[in-house]
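> Counted from 1, the sequence shown has number 24 at position 25 by numbering that gives the first Met the number 0; the numbering is strictly sequential.
Encoded as structure tokens, here's the structure I'll be asking about.
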Amino acid sequence: MEITQVVQVSARIGWIIEISQQDHGYRCWVVNRELDVLSDGYIYATSSAALAAGRHYLEPTYSRRERRGEGKGVRFRWRRY
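Below, the structure written as structure tokens:
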């Protein structure tokens with residue numbers, strides 16, 4: 000199991016975006032009000048890129064269906080952990 004370190008946390012109404020550092024880069028985690036933990040599964044080269052992915056996921060222009068990864072045009076397929 001890879002050891003991770005939290006390097007950044009960003010809060011939005013009803014959501015928390017967490018960036019963790021791993022041996023090979025950075026991973027984005029999103030936590031909702033129900034405490035579901037979601038990740039897109041990607042490893043990013045920078046923490047800024049990982050944070051941008053989390054912010055992109057939470058953009059208000061996306062419908063609730065798209066946020067679950069069911070809509071067309073969704074870049075990431077977020078999974079519950």
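Positions of the beta carbon are idealized from the N, C-alpha and C atoms, including for glycine.
Can you name, in chain order, every residue of its own chain whose Cβ lies under 6 Å from the Cβ of Tyr25, other than the five neighbours on each side?
Answer for Tyr25: Ile18, Tyr43, Ser46 and Ala49, listed in chain order.
> Under a three-way DSSP split, which group does Arg54 fall into?
If DSSP states are grouped into helix, strand and coil, Arg54 belongs with the helices.
> Can you tell me where the beta strand (DSSP E) holding Arg11 begins and where it ends?
Its beta strand (DSSP E) spans residues Gln4 to Arg11.
> Can you tell me which residues form a DSSP beta bridge with Arg26?
Beta-bridge pairing links Arg26 to Ser19.
> Per DSSP, what are the beta-bridge partners of Tyr43 in this structure?
In DSSP, Tyr43 forms a bridge with Tyr25.
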